[in-house]
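Heads up, the thing below is written out as structure tokens.
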Amino acid sequence: MKRSWSFMKKRSWLTITRPLGLFMARRSWLLILLFQTNLLLANAEVVEFSDESLRPRYQQLVEELRCPKCQNQNLADSNSPISNDLREQVQRLLEEDLSDQEIKDYLVARYSEFILYRPEVNQATWLLWGSPMVFLLIGLLIVYRLYFKPKDSVAESQINQQDQQRLDSLLANKEER
Amino acid sequence: MNRLALFLPLALFAGLSLVLLLGLDKDPTELPSALVGEPFPEFSLPALQDAESLVSTEDFKGEVVLVNVWATWCFACRIEHPSLNALAEQGVKIVGLNYKDKRKAAKLWLLERGNPYVFNIFDDDGSLGIDLGVYGAPETYLVDAQGLIRHRRVGVVDKRVWHAEFAALYLELTGTAPALGGAQ
């Protein structure tokens with residue numbers, strides 16, 4: 014009795030786990046594929062430099078430069094062919110020993126200031142750069158007015174005097190009735 | 024005075040609405056052009072038809088030309104091509120910049136659709152494209168006899184665009200007025 018019970022138990026364990034195992038085996042391909050694409054994407058970003066000190070500058074530049082075709086992506090994030098070309102160009106220019114500013118100027122001369130995610134302060138952009146400061150000042154002013162300005166005590170007491178007189182006369186009238 | 028201050032949020036809202044309304048008319052995909060008024064960038068690249076011969080700015084020096092950036096992978100170029108053919112028939116000199124394309128496919132394209140180009144620059148790796156600030160084909164540049172870029176159009180040149188953007192300037196530069204018909 015005891016033996017047959019354990020046999021039953023073993024069998025039921027198998028009947029449950031075998032299909033489950035097959036299920037897992039099939040799905041694991043998807044899992045592998047998922048990781049595979051991550052590897053592929055990671056490989057696409059490998060850039061070779063003659064001098065490793067160029068790499069952080071490259072990274073900084075491709076993150077601050079904007080893809081001209083895709084409106085709202087930087088060169089680092091964009092997979093468009095033009096971004097690819099421009100990343101290669103940035104790499105080439107770094108190898109040619111240009112400074113960051115010279116590389117930005119090079120691209121601005123060709124693609125206009127649109128390509129800079131951090132535009133220079135000039136006639137066209139001072140409002141853009143200045144407005145956060147202006148809004149901060151307005152905000153601080155409002156906070157000051159709301160919380161720190163002393164209450165206008167004179168005006169308040171004047172109103173209170175007037176109200177007090179009216180109240181007194183009203184009360185007097187009532188008592189007369 | 025205090026009452027007027029109550030209208031301040033409304034005034035701010037109206038102002039903001041006006042700014043946003045004006046913004047609606049603008050095309051965000053159109054970049055300001057950095058090269059208008061600048062000389063056409065120097066280059067030396069192989070010709071499309073003959074890989075052995077090099078072409079450069081010397082080949083259209085002293086002439087008013089359109090430089091048209093195209094490729095066989097560019098769908099809008101298909102739509103644009105009849106317009107270019109029509110302009111070429113009327114004597115407009117068009118230099119083709121075959122941008123990041125396959126030589127064989129590009130040659131076939133010209134056989135099938137007609138060749139409106141005086142000659143074609145074969146820009147395999149897009150280096151002249153970068154110097155011009157090309158970000159989408161087709162693009163068309165009007166270059167004057169001094170070699171300065173006078174106008175740039177990103178996108179298809181059709182009847183409407185030709186008459187709105189190119190015709191007057193082309194007339195001023197050459198004294199001729201080629202026209203595009205209704206079909207293009």
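Chains as they are written, first to last, in my numbering: chain A, 14 to 190; chain B, 24 to 207. Cβ coordinates follow ideal geometry from the N, Cα and C atoms, glycine included.
| query | result |
| --- | --- |
| Pairwise C-alpha distance: residue 197(B) and residue 191(B) | 10 Å |
| Listed by chain order, chain B residues near residue 98(A) by CB distance under 7 Å | 149, 153 |
| Within the stretch 125 to 174 of chain B, ranges of the alpha helix (DSSP H) (whole runs, at least 4 residues) | 126 to 136, 150 to 155 |
| Rounded distance between the beta-carbons of residue 175(B) and residue 162(B), thought under 8 Å | 7 Å |
| Neighbour list for residue 208(B) in chain A, Cβ cutoff strictly below 7 Å | For chain B, the structure presents residues 24 to 207; residue 208(B) sits outside this window and is missing. |
| Neighbouring residues, chain A, relative to residue 95(B) (Cβ below 9 Å) | Simply none; closest approach about 14 Å. |
| Option nearest residue 121(B) by Cα separation, candidates 181(B), 142(B), 179(B), 81(B) | 142(B) |
| Contact with chain A by residue 158(B), beta-carbon distance below 8 Å | yes |
| Buried or exposed (CB count within 10 angstroms, at least 16 for buried), residue 103(B) | buried |
| As assigned by DSSP and simplified to three states, the class of residue 55(B) | coil |
| Chain-order list of residues whose beta-carbon lies under 8 Å from that of residue 116(A) (same chain, five-residue window excluded) | 74, 103, 106, 107 |
| Cα-Cα separation, residue 119(A) to residue 107(B) | 32 Å |
| Selection from 64(A), 84(A), 185(A), 183(A) that minimises the alpha carbon distance to residue 4(A) | Nothing can be reported for residue 4(A), as the shown portion of chain A is limited to 14 through 190. |
| Nearest-angstrom Cα separation, counted from residue 61(A) out to residue 185(B) | 45 Å |
| Other residues of its chain near residue 152(B): CB distance less than 8 Å, five sequence neighbours each side excluded | 92, 120, 122, 123, 146 |
| Inter-stretch contact (C-beta, 8 Å, three-pair minimum) for the stretch 75 to 91 of chain B and the stretch 130 to 142 of chain B | yes |
| Cutoff 8 Å: residue 161(B) Cβ touching any chain A Cβ | no |
| Status (buried if at least 16 other CB within 10 Å, exposed otherwise) for residue 81(A) | buried |
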